[in-house]
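Protein chains in written order, with our numbering: chain A, 23 to 264; chain B, 23 to 264.
One structure is given here, and the rest of the page talks about it.
Number of protein chains: 2
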Amino acid sequence: MNILLFSEIDKISHNEIRVSDYRLQHLKKRLQNNSAPDFTPGNRLRVGEINGLMGSGVISCFTEHCVEIELGPLIEQPPKPLDVVLIIALPRPKMLKRIFREATSLGIKTFYIINSYKVDKSYWKSPALDTKKLNHYLLEGLEQSIDTILPAVHLKRLFKPFVEDELPHILQDRNCFVAHPEAKTQCPAAIPTPATIAIGPEGGFTDYEVSKLIALGFEGVTLGKRILKVETAIPVLTGRCF
Amino acid sequence: MNILLFSEIDKISHNEIRVSDYRLQHLKKRLQNNSAPDFTPGNRLRVGEINGLMGSGVISCFTEHCVEIELGPLIEQPPKPLDVVLIIALPRPKMLKRIFREATSLGIKTFYIINSYKVDKSYWKSPALDTKKLNHYLLEGLEQSIDTILPAVHLKRLFKPFVEDELPHILQDRNCFVAHPEAKTQCPAAIPTPATIAIGPEGGFTDYEVSKLIALGFEGVTLGKRILKVETAIPVLTGRCF
């Protein structure tokens, strides 16, 4: 956690917040670590308002049960978003945390999680897709990368209606790539933004699914002969956009 | 596991292997999955000899306790290595598995795990650094990416002797980059190989450490304002080499 993020709900006065949840636990853990900063009252730490500005705050109280922080000047803009729409077939639920945290830390602000023939149907019933949990993964990504702007996550359980009715509107003026091991074109080293990147499930999108994306203007690209896990392909591909 | 890797020790005759360890468990797990291939005797699966050729094998026996495979023609070369030497400050031990597995799946064949001022000394005592465990992580990376060539991992517990005495010989004719959040130069979208990429610990290399690397010809590069975890920076950076 490189920045403590807060929202209106944490405020105890117009310029003071109190937190007692995982953020407190994280600060305590850092305190146990010798190399960590000092969190005694009077010291500053980096804070940011979710979807707002960043700056610093002064610890006014630090107890076993809560930490109170007086908000210093919050005048710093969060870093510029990475203008990439990431479309991924619903991955194994236990990978969702890592995928959202990591992709958020890379600056992505729009996710579409879609169905695909090779997605195990039971994945859609996973508690990992619970809004509160997803939100927490996104926050962890922001806290890592020092950012405040929460990404939007759209869950699309039906491939065809999404691709036919919604996707054309999402794609306007974007460079669109679908990662596809059998594609003939090597993925470009630099992907120009704004971009849309689609990544299939383990085993890849089916030929039908790829053809639907290509019909919309997606270019099929490969990352070489090696079969990469989805969670590896995401930073490799989106890392090419900056 | 997209390929079953074996070595001399698994052979029960000149052209037959028997496995009963984690590889058997993995095949069983795939069998439970409806979308998995059929492993009844007579069926083929992809096999490869560690540090050797790849091809297919025919299952001759599949029981609760072992699987026996008759080796088919092994005539396929493994994919070309990624000519990148990856130098990383020893990460948190619980991340080693993921880092080695992922970097190996990207085709890296040479790792130097080095010390740095901000590396917690206790990390060097971690059982995760046990040769057998490290080897297993590397194998998992090869099994994912369909490759047979085991990477070499060098553990260097002393920064200065490594950088002063060994590193100059490793670097010859390589493009050398050190990821450094405070660097002024943006990391190039395409990193030309052969390359050497150095990534510091959480919190980064110290100024002294960076200056030692720069004196050897490393270029300090940044991936932007966002602070990325080491495990995210690795695929982003090495993914730029292919």
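Cβ coordinates follow ideal geometry from the N, Cα and C atoms, glycine included.
- Interface annotation, A:A211: in contact with chain B, CB-CB separation under 8 Å.
- As a beta-bridge residue in DSSP terms, A:S35 pairs with A:E38.
- The continuous stretches of alpha helix (DSSP H) do not include A:S138, and DSSP gives it neither H nor E.
- For A:N157, the enclosing alpha helix (DSSP H) begins and ends at 153-167.
- In the structure shown, A:L49 adopts helical secondary structure according to DSSP, grouped into three states.
- Runs of alpha helix (DSSP H) with 4 or more residues, each lying fully within the segment 178-257 of chain A, are found at 189-193, 229-237, listed in chain order.
- If only complete runs of 3 or more residues are kept, the segment 101-132 of chain A shows the beta strand (DSSP E) at 104-111, in order along the chain.
- Assigned with DSSP and collapsed to three states, A:L27 falls in strand.
- Counting the other Cβ atoms within 10 Å of the Cβ of B:D32 gives 16 or more, which makes it buried.
- In the structure shown, A:G79 falls within a strand segment according to DSSP collapsed to helix, strand and coil.
- Three or more beta-carbon pairs drawn from the segment 231-247 of chain B and the segment 196-209 of chain B are found closer than 8 Å, and the two stretches are therefore classed as touching.
- Of all residues in the segment 140-173 of chain B, those with a C-beta nearer than 9 Å to a C-beta of chain A are K140, D142, Q166, S167, I168, D169, reading in chain order.
- Each of A:F181, A:K154, A:G94, A:V185 was checked against the Cα of A:A174, and the nearest Cα belongs to A:K154.
- If you draw a straight line from the Cα of B:I25 to the Cα of B:L164, it is about 8 Å long.
- In this structure, B:G222 is the residue among B:S233, B:K234, B:G222 with its C-alpha nearest to the C-alpha of B:I249.
- Annotation for A:S148: P115 place their beta carbon closer than 7 Å to its own, counting only its chain and skipping 5 residues before and after.
- Closer than 8 Å to the CB of B:S127 there is at least one CB belonging to chain A.
- Taking a contact to require three or more Cβ pairs closer than 8 Å, the segment 125-132 of chain B and the segment 63-72 of chain B do not qualify as touching.
- Distance from the CA of B:P210 to the CA of B:P190, rounded to the nearest whole angstrom, comes to 23 Å.
- Short of 6 Å from the beta carbon of B:S29, and not among the five residues preceding or following it, lie these beta carbons of its own chain, in chain order: I72.
- For B:I249, the chain A residues whose Cβ falls inside 7 Å of its Cβ are N24, Q166, S167, I168, in order along the chain.
- Counting every other CB atom within 10 Å of its CB across the protein chains shown gives A:Y44 a total below 16, marking it as exposed.
- Cβ-Cβ distances below 8 Å link B:A255 to A201, I221, L245 in the same chain, with the five nearest sequence neighbours on each side left out; the list follows chain order.
- A straight line joining the alpha-carbon of A:L161 with that of B:E92 spans about 51 Å.
- DSSP places A:P63 outside both helix and strand once states are collapsed to three, so it counts as coil.
- Non-local beta-carbon contacts of A:G94 in its own chain, meaning distances under 8 Å to residues more than five positions away in sequence, involve R66, V69, G77, S78, G79, V80 in chain order.
- Taking C-alpha positions only, B:A150 is separated from A:A237 by approximately 48 Å.
- In summary, B:P183 is exposed, with fewer than 16 beta-carbon neighbours lying within 10 Å of its beta-carbon over all protein chains present.
- A:P95 sits in a strand when the DSSP states are folded into three classes.
- Scanning its chain for C-beta atoms nearer than 7 Å, with the 5 sequence neighbours on each side dropped, one finds around A:Y139 the residues T228, E231, in chain order.
- DSSP places A:G70 within a strand segment (E or B) once states are collapsed to three.
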